[in-house]
Every structure is written in structure tokens, then in C-alpha cells.
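Visitor: When you number the sequence shown by the working numbering, it's gap-free, plus one each residue, and the end is 349.
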Amino acid sequence: MKKIKVGILGATGAVGQRLVQLLTNHPWFEINSLCASEKSAGKPYGDIVNWKISTGIPGEIAKLKVGLCEPTIDAKLVFSALDSSVAGEIEENFAKNGYVVVSNSRNHRMDSDVPLLIPEVNASHLKLIEIQKKRWGLRGFIVTNPNCTVCGLTLVLKPLDDAFGVKKVIVTSMQALSGAGYPGVASLDALDNVIPYIDGEEEKLETEPLKILGEFKNGRIVDRDLKISAHCNRVSVRDGHTETLTIEFEKKPARDAIIKVLSGFKGESYKLDLPSAPKKPIVYLPGRDRPQPVLDRNIGDGMSVAVGRVRESSVLDFKLVLLVHNTIRGAAGAAILNAELLLAKRLI
Ligand code: NAP
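#1: Just verifying my parser: in three-state terms, what is the DSSP assignment at S315?
#2: Checking the sheet assignment: what are the DSSP bridge partners for E249?
#3: Using a C-beta cutoff of 8 Å, does N94 count as contacting chain D?
#4: Please give the ranges of any alpha helix (DSSP H) in the segment 144 to 213, keeping only runs that are unbroken, at least 4 residues long and fully inside the region.
#5: Between the alpha carbons of R256 and K66, how many angstroms are there, rounded?
#6: May I ask you to list the residues that DSSP assigns as paired with E216?
#7: Between the Cα of H27 and the Cα atoms of V7, T13 and A42, which residue gives the shortest distance?
#8: One question on the structure: do W137 and A96 come within less than 8 Å of each other, judged by their Cβ atoms?
#9: In angstroms, rounded to a whole number, what distance separates the CA positions of D224 and I49?
#10: Can you grab the Cα-Cα spacing for the pair P287 / G153, in whole Å?
#11: If you run the structure through DSSP and keep just helix, strand and coil, what is V103?
#12: Taking C-beta to C-beta, are I349 and I130 nearer than 8 Å?
#13: Using DSSP with H/G/I as helix, E/B as strand and the rest coil, what is G68?
#14: Measuring only the C-alpha atoms, how far is E251 from V167?
#15: Please work out which residues of its chain come closer than 7 Å, Cβ to Cβ, to S270, disregarding the five sequence neighbours upstream and downstream, and give them in chain order.
#16: Buried or exposed for L156, please, with buried defined as at least 16 other CB atoms from any protein chain shown within 10 angstroms of its CB.
#17: Let me check you understand the geometry: is the CB of T245 closer than 7 Å to at least one non-hydrogen atom of ligand 1?
#18: Return the first residue and the last residue of the beta strand (DSSP E) that K402 is part of.
#19: Check whether the Cβ atoms of A191 and S237 lie closer than 8 Å to each other.
#20: By how many angstroms is the C-alpha of L189 removed from the C-alpha of E216?
#21: Which same chain residues, not among the five before or five after E203, have their C-beta less than 6 Å away from its C-beta?
#22: Alpha carbon to alpha carbon, how far is W29 from L275? Give it in angstroms, no decimals.
#23: Please classify L343: does DSSP put it in a helix, a strand, or coil?
#24: If you compare alpha carbons, which of E93, L214, L296 and D240 is closest to I329?
#25: Are the CB atoms of E92 and H1 within a distance shorter than 8 Å?
#26: Between L273 and the rest of its own chain, which residues show a CB-CB distance below 6 Å, the 5 nearest in sequence each way excluded?
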């Protein structure tokens with residue numbers, strides 16, 4: 002198969018660098034254009050990127066000249082890892098000009114005609130694309146992946162909701178520093194500390210899963226009717242968001258049934274055999290002190306969500322802990338998986 006040329010908008014940031022790493026040697030996609038702000042444009046990527054991934058900058062990519070985020074690049078598909086202060090307008094401009102935009106940014110996630118996508122959970126929401134294309138009048142469109150913390154939460158809620166009906170969730174997040182981009186949180190704020198506030202994060206955690214778990218009906222998504230209460234904290238961890246969940250079900254299941262449902266989850270897109278799809282979207286860890294970011298964030302090449310400590314709650318029904326790699330499953334890997342789904346469904 003001839004590889005599809007792709008561009009990366011916001012290629013110099015934390016998520017942009019992950020996109021570069023994960024797209025290098027991808028079997029279906031080939032990086033053709035790297036774009037960022039005026040500050041970076043015009044120079045070779047290797048000279049201006051403040052590279053923070055231990056595998057090093059791929060040699061050929063380092064030589065590519067960074068361009069501006071203008072819809073004139075030689076690629077049909079663009080991945081957006083732009084700061085949300087600029088992502089909205091730039092992504093629209095690309096879609097209007099016929100590009101397929103696969104975005105990490107929050108700006109268009111809740112638009113009624115934009116899929117907020119996790120292939121294992123709601124591939125059926127791709128039906129929104131036909132409706133959206135009418136808006137742009139051309140072949141271009143936007144699909145988005147959820148917020149990094151939402152991605153782990155929703156992947157775990159989906160099989161539980163299908164099997165037992167989820168009514169209420171209380172979630173507390175302990176979010177890694179890389180989730181704030183680079184340079185992100187000042188070292189004197191982060192070190193030896195927990196910051197019990199992340200701007201806008203609790204709202205995303207309480208609303209995005211309802212759209213993703215919703216149903217496509219009469220040309221729109223009807224949100225899933227369940228309640229989520231979120232507490233979000235920034236902690237001094239480099240990569241990997243940990244979340245503790247307490248859940249009330251429509252019908253309280255047995256502990257073993259919960260573990261079986263989570264471990265057996267394959268998801269809607271399983272049969273498509275997408276290159277970045279983990280063999281197991283959810284990996285249950287029986288150890289009494291797992292999952293932990295340092296030990297478990299790279300499970301399934303960072304694309305699986307690790308779950309442990311499933312136990313009864315004396316307030317709601319059950320409690321558990323999950324861990325999601327925020328820049329892989331929660332961002333760059335999620336976007337690449339979405340693009341693979343679009344290609345497998347012949348939407349690119
Ligand atoms: P980041 O490290 O701050 O990177 C931001 C990128 O946007 C840089 O490449 C920057 O280019 C570019 N940019 C900023 N202003 C621009 C402008 N005026 N024109 C063109 N490009 C501009 O942020 P990040 O953490 O990678 O996050 C990127 C997006 O993904 C955000 O919307 C974020 O909310 C979302 N996201 C992040 C995570 C995560 O774990 N970090 C997870 C899920 C979603 P320059 O270097 O040239 O300034």
C-alpha cells in the first residue's frame with residue numbers, strides 16, 4: 002500500500018513530538034510537513050524543537066523545515082496538536098480547504114457534528130462526518146480525540162456500562178506534568194507538591210464521556226444519561242494519569258464479573274486490526290499496589306489502560322484504580338488510531 006502523506010500542526014509541542022515519534026515508520030502514514038508558530042517556522046525541526054522523548058529525533062525528520070499552519074501543505078491528512086488558544090480557527094481553515102483534520106485540541110470536541118472518537122467505544126459516531134461535510138461544503142472535516150483523562154475513564158466505563166449499566170461515577174485524577182505541555186507547570190510549583198486544580202479539566206471529565214457513550218440517533222448524538230463528579234489534581238509524575246473511580250451500577254455485579262468484563266473488552270473496532278490498536282484495550286493487574294505510573298504506563302506500548310484494585314465501596318457499589326498514558330493513549334496515539342479508523346472505513 003502506498004503511504005499517505007500527513008502533516009503535523011503544533012509539531013514542536015509535547016503531543017506534537019509524540020506524533021513525530023509514533024508516525025515515524027508507521028505502516029500507513031508518512032510525515033511530509035511539520036508546522037508550528039512563526040517563532041519556529043523557516044528552520045529545520047532538529048534545530049528548534051526542545052525534544053523531550055528518550056528515543057531521540059528521527060534523523061530524516063530533524064532535517065525537515067518547519068512551516069506555518071497554512072492549508073497549502075502537500076498532505077491530505079493533518080494531525081493537530083495545537084495549543085487551544087489557536088487550534089479552533091486553524092483547524093477550521095484546514096477543513097474548509099478540503100483537509101481531513103484529526104485533532105487533540107478541545108476546541109471542536111463538543112461541536113454537535115464533530116465525532117469525539119475512541120475507536121473501541123464509538124466508531125459508529127463516524128456517521129456525523131457526512132453531516133459535518135455539508136457545513137464545510139468541501140471534502141474536509143474534523144474528528145477529535147477526548148481529553149487525556151477522559152480517554153482512560155471512558156474506555157473503562159464503556160464495557161461496565163454495556164454489561165451492568167453505570168448510574169454514577171466519582172473520579173479523582175492524579176495527572177502527570179506532561180499533560181500541561183512544555184514547559185508546563187513551574188518546577189517550584191510541581192516539586193514536593195499536589196496542585197488540586199487544573200483549569201477546565203473537571204468540566205471536561207464530567208461532560209465528554211457522556212457524548213462518547215451517547216447514541217447516534219436521527220442525525221445527532223444523544224448523550225448517555227449518567228452522572229460523573231470529578232476532582233482533578235496535578236501531581237509530580239512525568240507521564241501517566243492515575244484515576245481512582247467509585248461507581249454505582251443499575252444492578253450491582255459481583256467483583257469477578259467486573260474483572261471478567263474489563264479483561265475481555267475488545268471494542269467496536271477490534272476486527273479492523275488497526276496498526277496502533279492494542280491487543281487488549283484494558284489490562285487488569287491483580288497486584289494489590291498496581292497500577293503505578295513508573296511500572297505500568299507503557300503497557301500495550303502505552304495504548305492500553307491498566308486497571309487494578311477492584312473492590313467494594315461502602316458508599317457506592319465498587320472502587321477501582323486506572324492508569325492511562327496521557328501523551329500516547331490520551332493524545333498522540335489516540336489521534337493516530339482515529340486516523341487509522343478513518344482510513345480503514347475509507348473516509349480518507
Ligand atoms: P504544547 O507543548 O504547549 O505545544 C503547543 C504547540 O502549539 C506547539 O507546537 C506550538 O508551536 C504550537 N503553537 C502555539 N501557538 C501557535 C500559533 N500561534 N500558531 C501556530 N502554532 C502555535 O502543548 P501540548 O501539551 O503538546 O498540547 C497540544 C494540544 O493537545 C493542546 O490543545 C492540549 O490541550 C491537547 N492535549 C494535550 C495532552 C497532553 O498530555 N499534553 C493530552 C491531550 C490533549 P511553537 O513551538 O512554535 O510555539
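Virtual Cβ for every residue (Gly too), placed ideally from N, Cα, C.
Guide: The short version:
#1: Residue state, collapsed to three classes: coil.
#2: As DSSP reads the structure, E249 sits in a beta bridge with K169.
#3: Protein chains in the displayed structure number just one, and chain D is not present.
#4: Along the segment 144 to 213, the alpha helix (DSSP H) occurs as fully enclosed runs of 4 or more residues at 149 to 165, 188 to 191 and 202 to 213, listed in sequence order.
#5: A straight line joining the alpha-carbon of R256 with that of K66 spans about 54 Å.
#6: When beta bridges are read from the DSSP output, E216 appears opposite V223.
#7: Distance from the Cα of H27 is smallest, within the candidate group V7, T13 and A42, for V7.
#8: The Cβ-Cβ distance between W137 and A96 falls below 8 Å.
#9: Approximately 43 Å, taken between the alpha carbons.
#10: In a straight line, the C-alpha of P287 is about 18 Å away from that of G153.
#11: V103: strand per DSSP, three-state reduction.
#12: No, Cβ-Cβ distance for I349 and I130 is not below 8 Å.
#13: The answer is strand: DSSP assigns G68 an E or B state.
#14: Near 6 Å, if we compare the C-alpha coordinates of V167 and E251.
#15: Taken in chain order, the residues that qualify are P120, E121, A124, A278 and L342.
#16: Counting Cβ neighbours within 10 Å, L156 comes out buried, since at least 16 surround it.
#17: No; taking the cut-off as 7 Å, the Cβ of T245 has no heavy atom of ligand 1 nearer than that.
#18: This structure cannot speak to residue 402, because the chain is shown only from 2 to 349.
#19: Yes.
#20: Between the alpha carbons of E216 and L189 lies a gap of roughly 45 Å.
#21: Excluding positions up to five away in sequence, the list reads A231 and C233.
#22: C-alpha separation (whole angstroms): 10 Å.
#23: DSSP places L343 in the helix class (H, G or I) of the three-state scheme.
#24: Taking the Cα of I329 as reference, the smallest distance to any Cα among E93, L214, L296 and D240 is reached at D240.
#25: Here the chain comprises residues numbered 2 to 349, so residue 1 is not present and cannot be evaluated.
#26: So the qualifying residues of the chain are A345.
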